[in-house]
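*Asks:* For reference, the structure I am asking about is given below.
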Amino acid sequence: MESRSYPFTEPDDLVLDPGLLELQRDEPVARVRLPFGGEAWLATRYEDVKTVLADPAFSRAAVLAPGADVPRSLPDMPTEANILSMDPPDHTRLRKLVAKGFTLRRTERLRERAQEVVDGLLDAVEQQGPPADLVEALAMPLPITIICEMLGVPFEDRGRFRAWSDAAMAITAFRPEEIVAANDALRDYIAGLVVAKRADPADDVLSELVAAHDDEDRLTERELVSFGVALLVAGHETTANQIGNFTYLLLRAPDRLAELRDDPSLVPAAVEELLRFTPLGSSAGFPRIATADVELSGVRIAAGEAVFVNNLAANRDPSVFDRPDEVDFHREHNPHLTFGHGAHHCVGASLARMELQVAIGTLLKRFPSLRLDGDVAFKKGRLIRGPQALPVRW
966 MESRSYPFTE
976 PDDLVLDPGL
986 LELQRDEPVA
996 RVRLPFGGEA
1006 WLATRYEDVK
1016 TVLADPAFSR
1026 AAVLAPGADV
1036 PRSLPDMPTE
1046 ANILSMDPPD
1056 HTRLRKLVAK
1066 GFTLRRTERL
1076 RERAQEVVDG
1086 LLDAVEQQGP
1096 PADLVEALAM
1106 PLPITIICEM
1116 LGVPFEDRGR
1126 FRAWSDAAMA
1136 ITAFRPEEIV
1146 AANDALRDYI
1156 AGLVVAKRAD
1166 PADDVLSELV
1176 AAHDDEDRLT
1186 ERELVSFGVA
1196 LLVAGHETTA
1206 NQIGNFTYLL
1216 LRAPDRLAEL
1226 RDDPSLVPAA
1236 VEELLRFTPL
1246 GSSAGFPRIA
1256 TADVELSGVR
1266 IAAGEAVFVN
1276 NLAANRDPSV
1286 FDRPDEVDFH
1296 REHNPHLTFG
1306 HGAHHCVGAS
1316 LARMELQVAI
1326 GTLLKRFPSL
1336 RLDGDVAFKK
1346 GRLIRGPQAL
1356 PVRW
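Each step along the sequence shown adds one to the number in the working numbering, with nothing skipped, and position 155 is 1120.
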């Protein structure tokens, strides 16, 4: 089977590459060449993607096995285990340590705090007057504030770790040595916080992880630091970009915007539909290695071969979603895979949902005449998509 270069095109705006949907229809398990070397299989149909994400026959940990010939989707592939590259039971052990900090019940208790933060940010926007950049005014500071408070990270350090996070989430936007340096700086920063939490623990997730290491021997020092980095970066990068993405899409869809303004009770359903519809990732993602021969859509995946999935395409699979290329806030069946599936389903999904609901709902209520103010440029060469700035008027 002939392979093709993947990703197929440079991400453009928030448009889903049509090549993914063509594969989904004609060649749902296809052979691809990765940008930094190697070949793998790519699954694009919903059921195949779910299988790869949940079946233990597809291993994340095997990617780091000594001598493994793994196709490279990134210039700086991970070389040591973290929660993203673990299989059960190691992954289960770490996930349990932090899951209680991200339960639906705890997240709902944080809703009042998120509302308070959003109200304060939008007060400042209103006082300043138009125009405003919603990336700097709302999208970034909301999730950064919440994750800092949850983890026990000083908010005043946001300028430092935001710059490191921006580089760490890059593919080609920074030089490889800059990406490595940013990851090292994040690890050093969290390691310093771990020392501080040992000396002066508080009621926060990072202190709980330190106690789990020191008092219960439930994770290693290296796991503790890498876990802290993952929570800090993932806890603000994806949600911040999605706030910008969702606002951009709504301001370009007057009918959908009018629906939400007329009926704010639709906001939770709208967030789910925008999560399904919005292409967030811009890279091949993380590979899994088949540990046994497996068949997907009639294609034999041999043990030892790498498989990538594309959740964005899976979310547009017409066998699951009626009119998949339309945004429908009244969609009754919406089992999207934006937060993943199986053991690696996003632990912060309920937090992200809550922040998106509060941000989008409050923004549209406070500024009913909100509109874009000029062209919007999107970030390039990064793992996830989002506007560099989102200029608006009202």
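Glycine included, C-beta positions come from ideal geometry on N, C-alpha and C.
Leaving aside the five residues before and after Cys1113 along the sequence, list all residues of the same chain whose C-beta is less than 6 Å from its C-beta, in chain order.
*Replies:* To locate residue 1113, count along the sequence shown from 1; it is residue 148. Closer than 6 Å at Cβ, skipping near neighbours: Phe1120.
*Asks:* In chain order, which beta strand (DSSP E) runs of at least 3 residues are fully inside the region 1272-1313?
*Replies:* Listed in chain order, there is nothing to give.
*Asks:* Would you kindly work out how many angstroms separate the C-alpha atoms of Asp1165 and Val1190, rounded to a whole number?
*Replies:* Sequence index remark: in the sequence shown, residue 1165 carries index 200 (1-based). Sequence index remark: in the sequence shown, residue 1190 carries index 225 (1-based). Taking the straight line joining both Cα atoms gives about 17 Å.
*Asks:* Evaluate the contact criterion for the region 1301-1317 versus the region 1090-1102: three or more CB pairs, one atom per stretch, below 8 Å.
*Replies:* Short answer: they don't touch.
*Asks:* How is the alpha helix (DSSP H) around Glu1045 delimited, first residue to last?
*Replies:* Taking the first residue of the sequence shown as position 1, residue 1045 is located at position 80. Taken as a continuous stretch (DSSP letters only), Glu1045 belongs to no alpha helix (DSSP H), as it is neither H nor E.
*Asks:* Excluding five sequence neighbours on each side, which residues of the same chain lie with their C-beta closer than 6 Å to the C-beta of Ser970?
*Replies:* One-based indexing of the sequence shown puts residue 970 at position 5. Answer for Ser970: Arg998, listed in chain order.
*Asks:* In whole angstroms, give me the CA-to-CA distance for Lys1065 and Leu1018.
*Replies:* Here residue 1065 is taken as the residue at index 100 of the sequence shown, counted from 1. Here residue 1018 is taken as the residue at index 53 of the sequence shown, counted from 1. Answer to the nearest angstrom: the Cα atoms are 23 Å apart.
*Asks:* Checking the sheet assignment: what are the DSSP bridge partners for Pro1352?
*Replies:* Within the sequence shown, residue 1352 is the residue found at index 387, counting from 1. Answer by DSSP bridge pairing, in chain order: Phe1343.
*Asks:* Which word fits Gln1092, buried or exposed, when buried means at least 16 other C-beta atoms lie within 10 angstroms of its C-beta?
*Replies:* For this step, residue 1092 is matched to residue 127 along the sequence shown. Gln1092 should be labelled exposed.
*Asks:* With a 10 Å radius around its C-beta and 16 neighbouring C-beta atoms as the bar for buried, classify Leu1184 as buried or exposed.
*Replies:* Numbered from 1 along the sequence shown, position 219 holds the residue referred to as residue 1184. So Leu1184 ends up on the buried side.
*Asks:* As an exercise, report each continuous alpha helix (DSSP H) stretch of at least 4 residues that is fully enclosed by the region 968-1005, in chain order.
*Replies:* If we require 4 residues or more, the alpha helix (DSSP H) runs fully inside the region 968-1005 come out as 983-991.
*Asks:* Are the beta-carbon atoms of Arg979 and Asn1210 separated by less than 7 Å?
*Replies:* Position 14 of the sequence shown, counted from the start, is the residue given in the question as residue 979. Position 245 of the sequence shown, counted from the start, is the residue given in the question as residue 1210. Reading off the sequence shown, one finds Leu at residue 979, where the question assumed Arg. The answer is yes: Cβ separation under 7 Å.
*Asks:* Mapping DSSP to helix, strand and coil, what is Phe1023?
*Replies:* One-based indexing of the sequence shown puts residue 1023 at position 58. Strand.
*Asks:* In angstroms with no decimal places, state the Cα-to-Cα distance between Pro1096 and Ala1205.
*Replies:* Within the sequence shown, the letter at position 131 stands for residue 1096. Within the sequence shown, the letter at position 240 stands for residue 1205. Answer to the nearest angstrom: the Cα atoms are 20 Å apart.
*Asks:* Return helix, strand or coil for Glu1142, following the three-state DSSP convention.
*Replies:* Looking up residue 1142 in the sequence shown gives position 177. If DSSP states are grouped into helix, strand and coil, Glu1142 belongs with the helices.
*Asks:* Can you check whether the CB of Ser1262 is closer than 7 Å to the CB of Val994?
*Replies:* Reading the sequence shown from its first residue, position 29 is the one you call residue 994. Reading the sequence shown from its first residue, position 297 is the one you call residue 1262. In this structure, Ser1262 lies closer than 7 Å to Val994 by Cβ.
*Asks:* Ala1097 by DSSP, collapsed to three states: which one?
*Replies:* Here residue 1097 corresponds to residue number 132 of the sequence shown, with the count starting at 1. Here Ala1097 sits in strand by DSSP.
*Asks:* For Ala1133, which residues in the same chain have their Cβ closer than 7 Å to its Cβ, ignoring the five residues on either side in sequence?
*Replies:* For the purposes of this step, residue 1133 is taken as the residue at position 168 of the sequence shown. Taken in chain order, the residues that qualify are Ile1144, Ala1147, Asn1148, Leu1151 and Val1198.
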